[in-house]
Each structure stands twice: as structure tokens, then as C-alpha cells.
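> Numbering (the numbering used here), first residue to last: 41 to 390.
Built from N, CA and C at the ideal position, the CB exists for glycine as well.
In this text the structure is predicted, and so the values were computed from the model without any measurement.
Right, I'll just put the structure down here and ask away after.
In C-alpha cells, the structure reads:
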């Protein structure tokens, strides 16, 4: 699809790779957006597990991830990734961040030459400290203008229940961002656009680590003052890292920064908040993994965020403390005094 075609229309055929809670919810958004606009759009969803795929096709629900939320009949699912990708002009990826690179290597020859890529993932790759858009660009050989990010306060269950939500589509190509935004504008889902891909991705990555800290505070039965302080100083840490990488300060004050941080740190629906709360209650990291059915990206990405901050000389004391807890170098009882341990200085001095 050419840039001119993107200026006027919306996606014709969409492949969503990943049938977890957010991938399935975004497929629903795309289907509902098409229905609202009267578009004859095809939505195909790839899932790894045959039982999940069969349930989506026969009962139009995904009970494991979205309970009894009904899914549009226009969504079809398959375990055959080639069939899902066939002819898709918009490819949406919603897989665990640490599995993205090897999966892209398997999928590369199946993706249409002119397809737009959209990442729903909020993680940083271990070992390379690469953002998901960078991994996609490297593995598929695509320029930045062919890769977009959707981020913001994206608690999947609330959106699947059609509770009103705003979000952000980030792409260096404004026409492409607008095309994607039109493709996912549903009655309950309102996307804004921005060119600040770095800021949007960093906001989505670091908030997971901060949510672990807030969850630990809640598990230790600390009060709302403590949690509000950690959220606010966590936003300062996120902003420092984003600005060091070339992101924009205004992004941190928007949906992909403050909005996503507040939602993830405050909601019991948040996987990272839940994982932190369980750690604060005394469970080991292994026990937390056994109790949770979905990936808490902050557990995986925290070390990468810490390493990246170190390379850039960015101070992130809350992140450092969380990473020390995850590595077993610090107990949750020792975490509290360290969360606000930065030297005294004016609040606005990041």
C-alpha cells in the first residue's frame, strides 16, 4: 500500500500475531472499528495454542484471557501463521518481548512487502537493550516509517468490555500514523497520533518496572502516600531516560507516559502491579510465575532498563532497587527505604 492510499483509507486486511489478552482485545478493536465505519475488513488472529484458536472460532470468546467477553464474528483465528499473514497490509504484533526476535526470523518471508507493522509490546530486549520497534526494523529490514507503536493506558480487560479508553499511535510517518489510527478508531477506543516513537516506547517499558515497585509497596501494606510518591518519582525516572534517548518531555505528560503509568501502577488488572504485590506479600519470583498465567514484562525488562540507564549515565534509583529485588540482592523489606533515596534537590531538577 502506498503513502497516498494510506492518506485516505484504513487497513483492508489485518493480521494480529498473538492471541493473549491484549492481542485478542486489539483484534476486537479493529473489528469493531471496521463495523462502525462500514468497512469490509478481514481480521485474522494467530494463536500458538489450538484450544484458544478453536474457542475463538467456534464460541467467539477467549476464556483464558478475556473470560466471557464476546468477540466479533468477523475475527477468525488460526495456528497457521502463514494463513494469517497472507495478504495482510497491516501486521500487529502482540507477543512476549523476549521472544520477538526469533519469531520474526520465522515470519520474515511470510509478511507482505509493503505491509505496515504495529507493535503492541512494552518491553526492552535483554542483551541488546533494544526497543521493540528497533528489533522489528533490524530483523525485517524495514525503515522507521513502516513501523508504528500503539501504547497508553491499555488494560486489556477494560477495553474488551468497551470501557472508554484513549491511546496513542506513534510513527515517524504522520500519514501512516493517521492510517493506523483510523483503522483502530472504535466507539470506545480513541487513538491520538505522535511522531515520538522513542518517548512512547520508553513510557510503556519503564512503567512496568515502576508498577512492580508500587505493587511491592501495596503487598507490604504501605499507604497511598507511599504509592503516589513512587508513581511520581517513577515518572521522573522514565522522563530522564526518554529524554536521554531523544524522546520528548510532552510525551511523558501524556497518555503514553503519565496515563499508562497511573493505570498500570493502580489497577489490580495490571500484571506488573499484581506481580509486585505478590512479591511484597513474601512470594518468591518462582512462586509469582507459577501463580500468574501471563507475562509481567517488567520482570523480564527491568534488567535491560537498568543496563541502558547505566550506559547513558541516567539515574534511576527506583528501577535499580526493583532490579536488585528481582535478582535476590535486596529483600522487599529493604526496598522501602531505598525507593526515595536520591540526594536532596529541587523537585523539577530531573
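Ordered along the chain, which non-local residues of its own chain (more than five positions away) have a Cβ less than 6 Å from that of residue 193?
Cβ within range, chain order: 299, 300, 303.
> Would residue 185 and residue 175 be called neighbours here (beta carbons separated by less than 7 Å)?
Not closer than 7 Å, so no.
> Within the continuous beta strand (DSSP E) that includes residue 105, where are the two ends?
Looking at the DSSP string, residue 105 is not in any beta strand (DSSP E); the run it does join, the alpha helix (DSSP H), is 103 to 106.
> Specify whether the region 222 to 241 and the region 94 to 103 touch according to this definition: at least 3 beta carbon pairs, one from each stretch, less than 8 Å apart.
With the cut-off at 8 Å, the region 222 to 241 and the region 94 to 103 do not touch.
> Shortest alpha-carbon distance to residue 209 belongs to which of 320, 201, 229?
Residue 209 has its Cα closest to that of 229, out of 320, 201, 229.
> Report buried or exposed for residue 73, applying the criterion of at least 16 other Cβ atoms within 10 angstroms of its Cβ.
Burial call: buried.
> Please list the segments of the alpha helix (DSSP H) lying wholly inside the region 276 to 342, counting only runs of 4 or more residues, in order along the chain.
Entirely contained in the region 276 to 342, the alpha helix (DSSP H) runs reaching 4 residues are, in chain order, 289 to 292, 300 to 306, 311 to 320, 325 to 331.
> Alpha carbon to alpha carbon, how far is residue 245 from residue 59?
About 21 Å.
> Please determine, among 93, 149, 196, 144, the residue with the shortest C-alpha to C-alpha distance to residue 177.
Among 93, 149, 196, 144, the Cα nearest to that of residue 177 is on 144.
> I believe residue 124 touches residue 84 by the beta-carbon criterion, under 8 Å. Please report the beta-carbon distance rounded to the nearest angstrom.
With a Cβ gap of about 4 Å, residue 124 and residue 84 count as contacting.
> Smallest Cα separation from residue 108: which of 88, 120, 119, 64?
Nearest option by C-alpha distance: 64.
> Let's see if you can read the secondary structure: which residues bound the beta strand (DSSP E) around residue 231?
229 to 234 is the extent of the beta strand (DSSP E) around residue 231.
> Of the choices 51, 70, 61, 56, whose alpha-carbon is the least far from that of residue 227?
If we check each option's Cα against that of residue 227, 70 comes out closest.
> Taking its Cβ as the centre, do 16 or more other Cβ atoms sit within 10 Å of residue 81, making it buried, or is it exposed?
Looking at its Cβ environment, which holds 16 or more other Cβ atoms inside 10 Å, residue 81 is buried.
> Would you give the residue range spanned by the beta strand (DSSP E) that residue 205 belongs to?
Note, residue 205: beta strand (DSSP E), 205 to 210.
> At which residues does the alpha helix (DSSP H) containing residue 197 begin and terminate?
That run of the alpha helix (DSSP H) goes 196 to 200.
> Residues bridged to residue 130 by DSSP?
For residue 130, which the question treats as bridged, DSSP gives the partners 54, 156.
> Would you mind reading off the limits of the beta strand (DSSP E) that contains residue 189?
Its beta strand (DSSP E) spans residues 187 to 191.
> Between 182, 343, 264, 61, which lies nearest to residue 367 when the distance is taken from Cα to Cα?
The residue with the shortest Cα to Cα distance from residue 367 is 343.
> Relative to the C-alpha of residue 255, which candidate in 289, 224, 318 has its C-alpha closest?
Ranking 289, 224, 318 by Cα distance to residue 255 puts 318 first.
> What does a CB cutoff of less than 7 Å around residue 327 pick up in its chain, not counting 5 residues either side in sequence?
No residues qualify anywhere along the chain.
> Which partner residues of residue 83 appear in the DSSP bridge assignment?
DSSP, once it has assigned bridges, lists 54, 115 as partnering residue 83.
> Less than 7 Å between the C-beta atoms of residue 217 and residue 211, yes or no?
Cβ atoms of residue 217 and residue 211: closer than 7 Å.
> Under 8 Å, with one C-beta from each stretch per pair, do the region 85 to 96 and the region 150 to 159 reach the 3-pair mark?
Judged by Cβ distances under 8 Å, the region 85 to 96 makes no contact with the region 150 to 159, as fewer than three pairs qualify.
> By a C-beta neighbour count over all protein chains shown, 10 Å radius and 16 as the cutoff for buried, is residue 214 buried or exposed?
So residue 214 counts as exposed.
> Among the candidates 266, 337, 279, 311, whose CA atom is the shortest distance from the CA of residue 331?
For the residues 266, 337, 279, 311, the minimum Cα distance to residue 331 belongs to 311.
> Identify which residue in 54, 62, 56, 52 has its Cα closest to the Cα of residue 337.
Among 54, 62, 56, 52, the Cα nearest to that of residue 337 is on 62.
> So residue 243 and residue 289 are supposed to be a Cβ contact under 8 Å. How far apart are they, rounded?
With 8 Å as the limit, residue 243 and residue 289 do not qualify as a contact, their Cβ atoms being about 11 Å apart.
> Once DSSP output is grouped into helix, strand and coil, what is the label at residue 226?
It is a strand residue.
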